[in-house]
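Asker:
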Amino acid sequence: MGIFIKTAENKKTRFIVAIDEDKCIGCESCIKACLTGALQMINGKAKLINEKLCDGFGSCIAACQNNAIKLEYREAEEFDWSTLNQIRFENLMKKLRLTSLKLK
Numbered sequence: 000m001g002i003f004i005k006t007a008e009n010k011k012t013r014f015i016v017a018i019d020e021d022k023c024i025g026c027e028s029c030i031k032a033c034l035t036g037a038l039q040m041i042n043g044k045a046k047l048i049n050e051k052l053c054d055g056f057g058s059c060i061a062a063c064q065n066n067a068i069k070l071e072y073r074e075a076e077e078f079d080w081s082t083l084n085q086i087r088f089e090n091l092m093k094k095l096r097l098t099s100l101k102l103k
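Start counting the sequence shown at 0; every next residue gets the next number (numbering that gives the first Met the number 0).
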């Protein structure tokens, strides 16, 4: 997926989000939109807490009402693809729980 240039160990040059703290109003829309849990609120501002969890797809960018998030092409830790498998599993379990509740 995407363009990767191998650099230091476990680092690649890739797209990753960057948050402008001056523009962030702390609405948490980006955190809700982030499917991988890469963002968290710290002191009322959204922060990228783990480069390995940022997929670089930018769902947080679309959710940000204040244009505080952009994609940067820079050296960052490689995305942890196992995160997607965990998310898929959790979503499947939620669907199964909802289905079983409907069947009762």
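Every residue gets a Cβ at the ideal spot worked out from N, C-alpha and C, and that includes glycine.
Every value quoted in this text rests on a predicted model; they were computed, and no experiment measured them.
#1: Give me, in chain order, the residues of the same chain whose beta-carbon lies closer than 7 angstroms to that of ILE30; leave out the 5 immediate sequence neighbours on both sides.
#2: Please identify the residue among GLU20, GLY43 and SER28 whose C-alpha is closest to the C-alpha of GLY57.
#3: DSSP puts LEU47 in a beta bridge; with which residues?
#4: Need the endpoints of the alpha helix (DSSP H) that LYS10 sits in, please.
#5: From the DSSP output, read off the bridge partner residues of ARG73.
#6: Would a C-beta distance cut-off of 8 angstroms place ILE60 and ILE48 closer than the cut-off?
#7: Roughly how many whole angstroms lie between the Cα atoms of ASN65 and TYR72?
#8: By Cβ distance, which residues of its chain are closer than 8 angstroms to THR35, with the 5 residues on each side in sequence left out?
Answerer: According to the data block:
#1: Here residue 30 refers to the residue found at position 31 when the sequence shown is read from its first residue. Answer for ILE30: LEU38, GLN39, MET40 and ALA45, listed in chain order.
#2: Your numbering for residue 57 matches position 58 in the sequence shown. Measuring from the Cα of GLY57, the nearest candidate turns out to be SER28.
#3: The residue given as residue 47 occupies position 48 in the sequence shown. DSSP, once it has assigned bridges, lists LEU38 as partnering LEU47.
#4: The residue you call residue 10 lines up with position 11 of the sequence shown. Element bounds for LYS10: not the alpha helix (DSSP H) but the beta strand (DSSP E), 10-18.
#5: As a first step, residue 73 is located in the sequence shown; it is residue number 74 there, counting from the start. DSSP, once it has assigned bridges, lists ARG13 as partnering ARG73.
#6: Residue mapping note: residue 60 aligns to position 61 of the sequence shown, counting from 1. Residue mapping note: residue 48 aligns to position 49 of the sequence shown, counting from 1. No. Outside cutoff.
#7: As a first step, residue 65 must be located in the sequence shown, where it is residue number 66. As a first step, residue 72 must be located in the sequence shown, where it is residue number 73. Their backbone Cα atoms lie some 21 angstroms apart in a straight line.
#8: Position 36 of the sequence shown holds residue 35. Taken in chain order, the residues that qualify are LEU52, CYS53, ASP54, THR82, LEU83 and ILE86.
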